[in-house]
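K.L.:
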Amino acid sequence: MSANNWFAPERSVPGMTDLTGTLNAIWAGILLTEVVTSIAIGRQVYNLRQCINNLSSWLLTTLYISLVKALLVLPYAWLHNKCTLVQLTPDNSRWVHLAAFVYSDAIFYCGHRLAHECNLMWSAHVVHHSSPDYNYSTGFRASFLEHTLPFMFYWPLALVCPPEVYFFHKFLNQILQLWVHTELITKLPWPIEFILVTPSHHRVHHARNYGRKNFSGLFIIWDRMFGTFQEERTDRKPVYGLNSQPVVQGTYNPLWHQVHHLVATFRLAASGKVSLFTAFYTRTTGPGMINPTTTDKVDEKSKALGKEKAGSAVSISARAAVRHDTPFDPSYPWERRPLGALDLYAAFQFFVLLLPAFVAFIAAIPDLPTVQVLSGAFFTAWTITSTAWLCGAEPRAVRLELARLAVQAGAALFLVQQGTNLPYWGTMMAKGAIGHSCAAATVLLVASRPAQHGPAVSKPVAKIQ
Numbered sequence: 001m002s003a004n005n006w007f008a009p010e011r012s013v014p015g016m017t018d019l020t021g022t023l024n025a026i027w028a029g030i031l032l033t034e035v036v037t038s039i040a041i042g043r044q045v046y047n048l049r050q051c052i053n054n055l056s057s058w059l060l061t062t063l064y065i066s067l068v069k070a071l072l073v074l075p076y077a078w079l080h081n082k083c084t085l086v087q088l089t090p091d092n093s094r095w096v097h098l099a100a101f102v103y104s105d106a107i108f109y110c111g112h113r114l115a116h117e118c119n120l121m122w123s124a125h126v127v128h129h130s131s132p133d134y135n136y137s138t139g140f141r142a143s144f145l146e147h148t149l150p151f152m153f154y155w156p157l158a159l160v161c162p163p164e165v166y167f168f169h170k171f172l173n174q175i176l177q178l179w180v181h182t183e184l185i186t187k188l189p190w191p192i193e194f195i196l197v198t199p200s201h202h203r204v205h206h207a208r209n210y211g212r213k214n215f216s217g218l219f220i221i222w223d224r225m226f227g228t229f230q231e232e233r234t235d236r237k238p239v240y241g242l243n244s245q246p247v248v249q250g251t252y253n254p255l256w257h258q259v260h261h262l263v264a265t266f267r268l269a270a271s272g273k274v275s276l277f278t279a280f281y282t283r284t285t286g287p288g289m290i291n292p293t294t295t296d297k298v299d300e301k302s303k304a305l306g307k308e309k310a311g312s313a314v315s316i317s318a319r320a321a322v323r324h325d326t327p328f329d330p331s332y333p334w335e336r337r338p339l340g341a342l343d344l345y346a347a348f349q350f351f352v353l354l355l356p357a358f359v360a361f362i363a364a365i366p367d368l369p370t371v372q373v374l375s376g377a378f379f380t381a382w383t384i385t386s387t388a389w390l391c392g393a394e395p396r397a398v399r400l401e402l403a404r405l406a407v408q409a410g411a412a413l414f415l416v417q418q419g420t421n422l423p424y425w426g427t428m429m430a431k432g433a434i435g436h437s438c439a440a441a442t443v444l445l446v447a448s449r450p451a452q453h454g455p456a457v458s459k460p461v462a463k464i465q
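Have a look at this one:
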């Protein structure tokens with residue numbers, strides 16, 4: 001298989017197009033609409049640091065999907081070519097589309113519910129629930145592991161549905177799910193609330209002071225059928241996140257948010273304190289079992305949000321405990337540390353420099369040589385991680401960003417010296433990168449002086465949540 005087919009498998013599947021760009025554009029429009037609306041009504045919905053962190057998760061996930069897209073597309077296409085029971089024709093196309101639409105949503109319910117009940121699957125889903133706030137940027141807070149584990153659940157659809165139809169409906173399912181990640185939309189008329197997943201239903205799902213409920217993606221009817229439906233209560237305002245920490249896992253490192261529960265799961269399995277089955281495939285309360293109470297359960301007697309019962313958790317910490325600087329306030333779930341120079345540096349780099357470069361790189365991947373794709377992906381992931389991590393004002397994040405700037409300047413200098421192979425605009429961009437690296441390093445060193453408010457977070461914890 002050629003590299004182009006690996007990074008753009010849709011080119012080898014007749015009738016299939018990559019809708020990732022369309023999906024991201026629609027989601028970005030929805031997010032901007034919520035930002036403008038929240039400003040217009042005078043209600044704070046977004047926090048700069050948390051928004052950067054949420055969007056960083058989506059960039060890492062999109063980057064990962066761009067590298068492994070062939071694993072998601074080609075096995076399905078092969079199964080359809082070898083095992084299909086129905087050929088798509090004008091006479092049956094509406095039924096095939098309907099089957100893909102309904103099956104995609106039903107399988108999402110099953111996979112989503114499993115992700116909350118199986119510890120290994122929760123490792124791939126926990127990042128989506130770890131944000132302390134709830135807005136459209138939370139909908140972007142995705143896990144790249146989540147796009148690796150469940151894709152095989154959709155393979156049976158290959159018996160009746162061609163790849164181009166299946167992936168269209170999978171993207172449609174994703175697009176229609178984002179709108180429920182908001183607190184600005186209250187309850188809707190009862191026919192809509194009865195049939196569809198609404199923001200009210202999904203707030204219950206994300207809230208750690210409700211039970212494990214409302215797993216559906218589009219049609220809430222699945223939860224009503226299988227006994228997992230929960231109405232949003234007027235006397236219980238949803239409280240989000242894994243626990244009372246305003247900073248997820250005590251750090252703004254987006255890579256750690258992606259893997260922390262997986263690390264804790266394997267540490268638990270290796271500890272010998274529980275069986276391998278318990279470590280990997282259960283997620284229930286009780287002595288010696290993996291404890292979900294900090295995210296999914298409320299102690300009805302004490303009404304304490306996410307309060308752990310004695311002896312209910314097997315805690316495996318990978319690093320030192322997190323420092324709590326301020327008490328948790330559900331009405332203001334973010335940390336109260338004032339914005340500093342590092343935050344402004346991170347915001348400028350993320351929204352002005354990184355996002356446009358990221359979009360251009362993702363679009364160019366199918367036509368780039370493999371070496372450039374892999375090296376570019378590594379450097380892009382490095383940039384995403386160091387930029388988001390700077391929001392915590394941690395010295396390690398500053399060192400990581402300085403190292404990145406040094407590598408950027410060195411690579412650009414090498415390209416300038418090899419300028420015979422570069423067009424004029426390429427040479428100018430390389431020289432600009434050198435100047436940017438020097439200027440950014442200077443700003444970063446000044447911004448990270450001890451006079452700043454200092455690191456608000458300490459070393460992260462890998463703990464079963």
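With UniProt numbering as the guide, the letters of the sequence shown map in order to residues 1 to 465.
Just so you know, even glycine gets a beta-carbon here, dropped at the ideal spot from N, CA and C.
On a predicted model such as this, the values are computed, not experimentally measured, just so you know.
Compute the beta-carbon to beta-carbon distance between residue 384 and residue 254, rounded to the nearest angstrom, for a pair I have assumed lies under 8 Å.
P.N.:
Yes, they are in contact, since the Cβ atoms of residue 384 and residue 254 sit about 7 Å apart, within 8 Å.
K.L.:
Hey, which unbroken runs of the beta strand (DSSP E) at 3 residues or more fall wholly within the segment 350-434?
P.N.:
Runs found: none.
K.L.:
How about residue 217 and residue 197: do their beta carbons lie closer than 8 Å?
P.N.:
Their beta carbons are under 8 Å apart, which means residue 217 touches residue 197 by this criterion.
K.L.:
Which of the three DSSP states is assigned to residue 343 in this structure?
P.N.:
Here residue 343 sits in helix by DSSP.
K.L.:
Among 435, 402, 22, 270, which residue has its Cα nearest to the Cα of residue 174?
P.N.:
Closest by alpha carbon: 22.
K.L.:
Grouping DSSP H, G and I as helix and E and B as strand, with all else coil, what is residue 332?
P.N.:
Residue 332: strand per DSSP, three-state reduction.
K.L.:
Reducing DSSP to helix, strand and coil, say where residue 140 ends up.
P.N.:
In this structure, residue 140 counts as coil in the three-state DSSP scheme.
K.L.:
Enumerated in chain order, which unbroken segments of the beta strand (DSSP E) with a length of 3 residues or greater are wholly contained in the segment 26-104?
P.N.:
Qualifying beta strand (DSSP E) stretches: none in this window.
K.L.:
So, at 7 Å on beta carbons, what are the nonlocal neighbours of residue 448 in its own chain, with the 5 sequence-adjacent residues on each side left out?
P.N.:
Cβ within range, chain order: 342, 398.
K.L.:
Might you give, ordered along the chain, the residues of its own chain that have their beta carbon closer than 6 Å to the beta carbon of residue 13, omitting 5 neighbours on each side?
P.N.:
Once the five neighbours on either side are set aside, the close Cβ partners of residue 13 are 77, 163.
K.L.:
Which value, in whole angstroms, describes the spacing of the CA atoms of residue 69 and residue 235?
P.N.:
Roughly 45 Å between the two C-alpha positions.
K.L.:
DSSP state of residue 194, grouped into three classes?
P.N.:
Note: residue 194 maps to helix in three-state DSSP.
K.L.:
Going along the chain, which residues of its own chain have a beta-carbon closer than 8 Å to the beta-carbon of residue 204, five neighbours each way excluded?
P.N.:
Contacts found: 210, 213, 214, 230, 231, 232, 238.
K.L.:
Does the segment 130-146 come into contact with the segment 55-65, if we say contact requires no fewer than three beta-carbon pairs (one atom in each stretch) closer than 8 Å?
P.N.:
In short, these stretches touch, since the Cβ pair count reaches three.
K.L.:
According to DSSP, simplified to helix, strand and coil, what is residue 219?
P.N.:
The answer is strand: DSSP assigns residue 219 an E or B state.
K.L.:
Rounded to whole angstroms, what is the Cα-Cα separation between residue 340 and residue 188?
P.N.:
Cα to Cα, the separation comes out at about 40 Å.
K.L.:
At the level of alpha carbons, what is the spacing between residue 257 and residue 250?
P.N.:
Roughly 10 Å between the two C-alpha positions.
K.L.:
Check whether the Cβ atoms of residue 265 and residue 277 lie closer than 8 Å to each other.
P.N.:
Contact flag unset, no.
K.L.:
Within 10 angstroms of its Cβ, does residue 179 collect 16 or more other Cβ (buried), or is it exposed?
P.N.:
Flag for residue 179 reads buried.
K.L.:
Go through its chain and collect everything with a Cβ distance to residue 360's Cβ below 6 Å, but skip five positions before and after it.
P.N.:
Within the same chain, residue 360 has no close Cβ partners at all.
K.L.:
Taking the C-alpha atoms as reference points, what is the distance between residue 136 and residue 113?
P.N.:
When rounded, the distance between both Cα atoms is 22 Å.
K.L.:
In or out: residue 268 buried (at least 16 other Cβ within 10 Å) or exposed?
P.N.:
That one is buried.
K.L.:
Quick one: residues in its chain with C-beta nearer than 7 Å to the C-beta of residue 381, no 5 flanking neighbours on either side, listed in chain order?
P.N.:
Contacts found: 60, 63.
K.L.:
What does the Cβ neighbour count give for residue 195, buried or exposed, with the cut at 16 atoms within 10 Å?
P.N.:
That one is exposed.
K.L.:
Could you spell out where the alpha helix (DSSP H) holding residue 121 opens and where it closes?
P.N.:
Where residue 121 is concerned, the enclosing alpha helix (DSSP H) stretches over 119-129.
K.L.:
So for residue 111, helix, strand or coil by DSSP?
P.N.:
DSSP places residue 111 in helix when its eight states are reduced to three.
K.L.:
Within 10 Å of its beta-carbon, does residue 392 have 16 or more other beta-carbons around it, so buried, or fewer, so exposed?
P.N.:
Burial call: buried.
K.L.:
Quick check on residue 298: does DSSP put it in helix, strand or coil?
P.N.:
With a pLDDT of 45 at residue 298, under the threshold of 50, the modelled position of that residue is not reliable, and the figure given next carries that caveat. Here residue 298 sits in strand by DSSP.
K.L.:
Which residues bound the alpha helix (DSSP H) around residue 173?
P.N.:
Counting along the chain, the alpha helix (DSSP H) containing residue 173 begins and ends at 163-178.
K.L.:
From residue 421 to residue 55, what distance separates their C-alpha atoms?
P.N.:
Roughly 35 Å between the two C-alpha positions.
K.L.:
Can you tell me the Cα-Cα spacing of residue 240 and residue 427, whole angstroms?
P.N.:
The alpha-carbon atoms of residue 240 and residue 427 are separated by roughly 48 Å.
K.L.:
Excluding sequence positions up to five away, which residues of its chain have a Cβ less than 8 Å from the Cβ of residue 248?
P.N.:
Only 53, 130, 131, 132, 241, 242, 257 meet the Cβ criterion.
K.L.:
Compare the beta carbon distance of residue 100 and residue 169 with 8 Å and say whether it is the shorter of the two.
P.N.:
Taking 8 Å as the Cβ cut-off, residue 100 and residue 169 qualify as a contacting pair.
K.L.:
Once you ignore the five residues that flank residue 35 on each side, which residues in its own chain have a CB closer than 7 Å to its CB?
P.N.:
Taken in chain order, the residues that qualify are 46.
K.L.:
Between 72, 151, 103, 111, which lies nearest to residue 160 when the distance is taken from Cα to Cα?
P.N.:
If we check each option's Cα against that of residue 160, 103 comes out closest.
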